[in-house]
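I have placed the structure first, in the form of C-alpha cells, so that the comments after it can refer back to it.
Number of protein chains: 2
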Amino acid sequence: MKCEPIGIIHTPFKQLEGMPIQPAGAVGVEGVVEVFEKFRAGLMDIEGFSHLTLIYEFHRSRGYKLEVVPFMDTQVRGLFATRAPKRPNPIGLSTVRLVRVEDGKLHVENVDMLDGTPLLDIKPYVPEFDSHAEIRTGWLEQARKTVDQRKSDTRFN
Amino acid sequence: MKCEPIGIIHTPFKQLEGMPIQPAGAVGVEGVVEVFEKFRAGLMDIEGFSHLTLIYEFHRSRGYKLEVVPFMDTQVRGLFATRAPKRPNPIGLSTVRLVRVEDGKLHVENVDMLDGTPLLDIKPYVPEFDSHAEIRTGWLEQARKTVDQRKSDTRFN
C-alpha cells in the first residue's frame, strides 16, 4: 500500500529533542494543518467538529526495534505496547483541537508533531467512536497521568 | 511512503453489506488479530492494555470522492468530516477490546472491519492521550448516539 501526503502539518517544533510526546503535553501549542488544494473540497463541514484525529507519517523515523525503552518508562517494552515513533509502518496518530478553518488551512491546538510532518488523513473525533470507559493501561498505569510533563529526547532520532 | 502489513485481522464479516460501521455497533463481536511472526516480539507487555487502536488498510476500497453521503446521514458531507472508507489514503482506525493474547494472536472484541483486513499498526489506547472532553461533533451531533444501530450498505463497494 502506497500513501501520498494530502497536506503538511506546520508546528513550532523543528527538532525532536524537547518536543511534547503527546497532545496532552502540548495544550495550547498552535499549529496549522495545510491541506493541499486538490483535497480541499473534502474539508466541507469539518468546522463543526471541535477535535480532529490526524494521521501522519513519522517522516524522520528510520528503521525500528521491536523492543524499546519508551519516553514514559525506564524499562524495555514491546513496541506495540508503546507509542514510540520508530515502527514498521511509521504512522502517527494525534487528536488535536480545531480552532478555525481558513483557505484550506486548519488552525489547530495541541500539536505534538514535528514541523513539516506529512499529513495522510483527517478523521473527525467522535466520543461514541473513539472514547472508552473501564480501561486498563498496563505498564502505563502510573506514568500516564504525567504525560503532560514529559518531553522527547534524542533516543528515536 | 510505502506500508507493509504486519498482520491480518480475522472477523466474521465477509462482505461490506450489513457490517457494523464502528466498534460501537460491534460490541461483543469477536475477531482475531494475527500478527506475523517476525513482528511478534513487539507484542510484549500488550496484555496489560484493555483496549488497542488498530490501524489498518481499507483493502477493498478503490478510489474516493471528496464529497460523500455518509452512513450516518442523508446529506452530502466533506469526506474529511466523515469516516467513510474510500479516502485518498484508505487508512482505517478502530479501537477494540483486548480479551487475551495467544501465540501472537490477539483475541479482541468489537471488530468492525472486513475479514482479511491488512493490519498496519497497533497502538495501546490510553485515555490521557486519546479521550477528550468538551466535544462538538458538527453534523454528527444528533446521529452519533445511534451509531450502534447503523449498518454498512453497498455504497462504498
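Those protein sequence lines, which keep their order, are chains X and Y.
Numbered per the working numbering, the first sequence spans residues 1 to 157.
Numbered per the working numbering, the second sequence spans residues 158 to 314.
For glycine and all other residues, C-beta sits at the position ideal for the given N, C-alpha and C.
From a predicted model like this one, the values you see are computed outputs, not experimental measurements.
Just to confirm my understanding: we take residue i, look at its own chain, exclude 5 residues before and 5 after, and list those with CB closer than 6 Å. What are they?
| i | result |
| --- | --- |
| G104 of chain X | V35, R40 |
| M176 of chain Y | F170, S309 |
Find the nearest neighbour of residue i within the set the options, judged by alpha-carbon distance.
| i | options | result |
| --- | --- | --- |
| T137 of chain X | Y:L263, Y:T231, Y:S207, Y:Y213 | Y:S207 |
| K195 of chain Y | X:E109, X:E134, X:L79, X:E30 | X:L79 |
| G42 of chain X | X:M1, X:K123, X:E128 | X:K123 |
| L255 of chain Y | Y:M176, Y:P180, Y:E298 | Y:P180 |
| L277 of chain Y | X:D112, X:G18, X:G92 | X:G92 |
Does residue i pass the burial test, meaning 16 or more other C-beta atoms within 10 Å, or should it be called exposed?
| i | result |
| --- | --- |
| E214 of chain Y | buried |
| P12 of chain X | exposed |
| V184 of chain Y | exposed |
| R100 of chain X | exposed |
| F301 of chain Y | For the sequence presented, residue 301 of chain Y should be read as Arg rather than Phe. R301 of chain Y should be labelled buried. |
| A238 of chain Y | buried |
| T403 of chain Y | Since the first residue of chain Y shown is 158 and the last is 314, residue 403 of chain Y is not available in this structure. |
| T117 of chain X | buried |
| T146 of chain X | exposed |
| G220 of chain Y | exposed |
Give me, in chain order, the residues of the same chain whose beta-carbon lies closer than 8 Å to that of residue i; leave out the 5 immediate sequence neighbours on both sides.
| i | result |
| --- | --- |
| L173 of chain Y | R217, L271, S309, D310, T311, F313, N314 |
| V76 of chain X | E67, V68, V69 |
| E30 of chain X | P12, V99, H107, V108, E109, V111 |
At a Cβ threshold of 9 Å, is residue i touching chain X?
| i | result |
| --- | --- |
| M270 of chain Y | no |
| H208 of chain Y | yes |
| K262 of chain Y | no |
| K159 of chain Y | yes |
| R219 of chain Y | no |
Less than 9 Å between CB atoms is the rule here; does residue i satisfy it with respect to chain Y?
| i | result |
| --- | --- |
| L79 of chain X | yes |
| A24 of chain X | yes |
| H132 of chain X | yes |
| P20 of chain X | no |
| N89 of chain X | yes |
| V221 of chain X | With chain X represented from 1 up to 157, any question about residue 221 of chain X goes unanswered, as that position is not in the structure. |
| I9 of chain X | no |
| T163 of chain X | Nothing can be reported for residue 163 of chain X, as the shown portion of chain X is limited to 1 through 157. |
For chain B, find out if any of its Cβ atoms is closer than 9 Å to the Cβ of residue i; answer yes or no.
| i | result |
| --- | --- |
| E102 of chain X | Among the protein chains in the structure shown, which are X and Y, there is no chain B. |
- Query: Hey, which unbroken runs of the beta strand (DSSP E) at 3 residues or more fall wholly within the region 244 to 276 of chain Y?
  - Reply: 248 to 259, 262 to 266
- List in chain order: all unbroken beta strand (DSSP E) runs of 3+ residues lying wholly within the region 19 to 70 of chain X. 30 to 35, 51 to 57
- Task: List in chain order: all unbroken beta strand (DSSP E) runs of 3+ residues lying wholly within the region 272 to 302 of chain Y.
- Result: 274 to 281
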